[in-house]
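Data first, discussion second: the structure below is written as structure tokens.
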Amino acid sequence: MKIYNKSQFVRGLMGIGLGVAYLIRGITDRDGFQIMMFVLWGVLGIITICFSTDEDLAAQARENDEKIRRAAQKRFGKWAWPVRLFGAGLAAAGIVLILFRVSPPVCLLLIFGGMGYTLAVEHWLKGRAENVI
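If you want our numbering, it's the 1-based position in the sequence shown plus 2.
Structure, rendered in structure tokens:
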């Protein structure tokens with residue numbers, strides 16, 4: 003298996019890791035919702051890993067990432083990477099708090115809030131990337 007897009011491969015592994023965290027928590031708490039979240043995160047992680055090993059899809063993803071990076075650099079300057087990674091930081095904080103058995107609604111709020119922020123910023127930057135060459 004050859005990996006053509008390493009960042010996408012790592013995202014897939016992180017999705018599977020989050021799923022495993024939900025599985026462990028679901029088994030210990032006997033909570034069906036968390037076990038279902040394991041299945042969903044696992045499927046998403048596997049799909050992402052499959053995309054990272056497809057040469058054509060990986061090349062297209064790299065090209066899109068480069069366009070979005072240039073648009074972020076043009077719009078935010080030296081603050082481009084913190085703006086783009088803030089959502090990932092929130093999601094990572096939610097994952098860490100899951101391991102410390104903090105209230106599930108707080109963890110889910112951080113994870114989904116971080117994902118929502120990242121999706122919104124990336125979607126906005128994608129619209130701007132079409133204008134940047």
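Idealized CB from N, CA, C, for every residue including glycine.
Can you name the start and end residues of the alpha helix (DSSP H) that residue i belongs to?
i, result
"Phe1", "The requested residue 1 does not occur in the structure, where the chain is confined to residues 3 to 135."
"Val41", "34–54"
By how many angstroms is the C-alpha of residue j removed from the C-alpha of residue i?
i, j, result
"Phe35", "Ala82", "36 Å"
"Gly96", "Pro106", "9 Å"
"Met39", "Ala23", "10 Å"
"Leu131", "Ile70", "Residue 131 is actually Ala in this sequence, not Leu. Going by the C-alpha atoms only, they are around 5 Å apart."
"Gly89", "Ala61", "25 Å"
"Gln75", "Asp33", "44 Å"
"Arg103", "Leu127", "35 Å"
"Thr120", "Ala63", "16 Å"
"Lys206", "Asp56", "Nothing can be reported for residue 206: it is not among the residues displayed for the chain, which extend from 3 to 135."
"Leu101", "Pro84", "25 Å"
Could you tell me if residue i is buried or exposed, where buried requires 16 or more neighbouring beta carbons within 10 angstroms of its beta carbon?
i, result
"Phe53", "buried"
"Phe114", "exposed"
"Ala73", "buried"
"Thr30", "exposed"
"Gly79", "exposed"
"Gly21", "buried"
"Gly116", "buried"
"Asn7", "buried"
Are there three or more Cβ pairs, one per stretch, closer than 8 Å when the region 15–32 is compared with the region 43–51?
yes
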